[in-house]
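Participant: Residue numbers (our numbering): 3 to 233. All residues carry an ideal CB built from backbone N, CA and C; glycine is no exception. Predicted model only: the values in this text are computed from it and were never measured.
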Amino acid sequence: WVQLRTVGEKKETISFHFDKDEELVDTHGINVHPHISTVTYLTSRGAPTTILETTAGFSYEDDISASTVTRGTLSTPVAGKHLAFDGRYLHGAPSNLTPDEDECELRCTLLVNIWLNFKPTGIDLFPQEEIDALAAPSAVADLHLHDNGDVARRFTLGRQGGGRQSYHVHEYPFGPTGVEHLLRVPLPSLESKQHHASQGWTTLDLRFARECVASVQPNKPQASGKRRRTP
3 WVQLRTVGEK KETISFHFDK DEELVDTHGI NVHPHISTVT YLTSRGAPTT ILETTAGFSY
63 EDDISASTVT RGTLSTPVAG KHLAFDGRYL HGAPSNLTPD EDECELRCTL LVNIWLNFKP
123 TGIDLFPQEE IDALAAPSAV ADLHLHDNGD VARRFTLGRQ GGGRQSYHVH EYPFGPTGVE
183 HLLRVPLPSL ESKQHHASQG WTTLDLRFAR ECVASVQPNK PQASGKRRRT P
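(1) By the three-class DSSP mapping on this structure, what secondary structure does A135 have?
(2) Would you tell me roughly how many angstroms separate the C-alpha atoms of A216 and D134, rounded to the nearest one?
(3) Between the stretch 107–121 and the stretch 180–190, do three or more beta carbon pairs fall short of 8 Å?
(4) DSSP on H30, reduced to helix/strand/coil?
(5) Assuming contact is defined by CB atoms lying nearer than 9 Å, are Y91 and T56 in contact in what I supplied?
(6) To which residues of the same chain is A58 closer than 6 Å at the C-beta, ignoring the five residues directly before and after it?
(7) So, at 8 Å on beta carbons, what are the nonlocal neighbours of H183 in its own chain, with the 5 sequence-adjacent residues on each side left out?
(8) Leaving out five residues on either side along the sequence, give the residues of the same chain with a beta carbon under 7 Å from the beta carbon of R47.
(9) Using a 10 Å radius around the Cβ and a threshold of 16 neighbouring Cβ atoms, would you call F210 buried or exposed?
(10) Over the uninterrupted beta strand (DSSP E) stretch that includes P36, give me the two end residues.
(11) For I116, which beta-bridge partners are listed by DSSP?
(12) Where does S168 fall in DSSP's three states?
(13) N115: which of F87, A154, Q201, W203 sits nearest, CA to CA?
(14) Going by Cα to Cα distance, which pick from D28, S191, D126, H84 is closest to L99?
(15) Which residue wins for smallest C-alpha separation from A81, given the options L54, P50, S97?
(16) Here's the rule: buried if 16 or more other CB atoms are within 10 angstroms of the residue's CB, otherwise exposed. What is D23?
(17) Which whole-angstrom value is the C-beta distance of A154 and T205, which I expect to be below 8 Å?
(18) With distances taken between CB atoms, is the gap from G89 to I38 smaller than 9 Å?
(19) Assuming A86 is part of the beta strand (DSSP E), what are its boundary residues?
(20) Could you check what DSSP says for D102 in three-state terms: helix, strand or coil?
(21) Please report the distance separating the alpha-carbon of L28 from that of G202.
(22) Contact check, L113 vs W3 under 8 Å by CB: the rounded distance?
(23) Does E173 come out as helix, strand or coil in the three-state DSSP assignment?
(24) Assuming contact is defined by CB atoms lying nearer than 9 Å, are L76 and T40 in contact in what I supplied?
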């Protein structure tokens, strides 16, 4: 599927979530995740994809709070860039990480999840006649996947010194109705991100030092309303 977000709009944020068979959650209350989740960036604008190496339980009702996270990934959009990661991991694209210069630009990503020996329920094949009718817009006709030599740069956050980088702690509520859990995550300061971008690094392999690990904590009782599906 394709995600379109206009930078600066209220709905720009892609909330933190786990990829899963959404129908199976509704019918049986269990989590089945893709083996691999992928993001292909079709534009170079918008918030970076933030991935945290923490997983949900088998049961949708399992408590995931009080878990700590010591590793993650921060991936800045670059047109043609392809990102793949463990399909069980928590991830999102919070709008407060969008560079100021991207205002009023479009963030466009193609998302493909890879499932092995399992077919997600409630999924229909796209009609062949509609596939045949598709044509590439002129704006992306010359877009090609390419190897730009971008290897993830290891980035250790903690008290400055000894190779550790400065950071700010961000808080993001998420959950079935958007409020049940609170993710607290240290992320590179704006100055650090700008420095690495100037050096050609668009993917950071985040390591959280002992004093600044990311964590998932209980936040609020489940709000009334329908469960949110993967955005």
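Facilitator: On the basis of the coordinates in this document:
(1) helix
(2) 46 Å
(3) no
(4) helix
(5) yes
(6) F20, N33, I66
(7) I66, S67, P175, F176, G177, V218, Q219, P220, N221
(8) V9, P79, D104, E107, L108, R109
(9) buried
(10) Run containing P36: none; DSSP gives neither H nor E here.
(11) I38
(12) coil
(13) F87
(14) S191
(15) P50
(16) buried
(17) 4 Å
(18) yes
(19) 84–88
(20) helix
(21) In the sequence as presented, Leu is not what sits at residue 28; that position holds Asp. So the two alpha carbons sit approximately 43 Å from each other.
(22) 5 Å
(23) strand
(24) no
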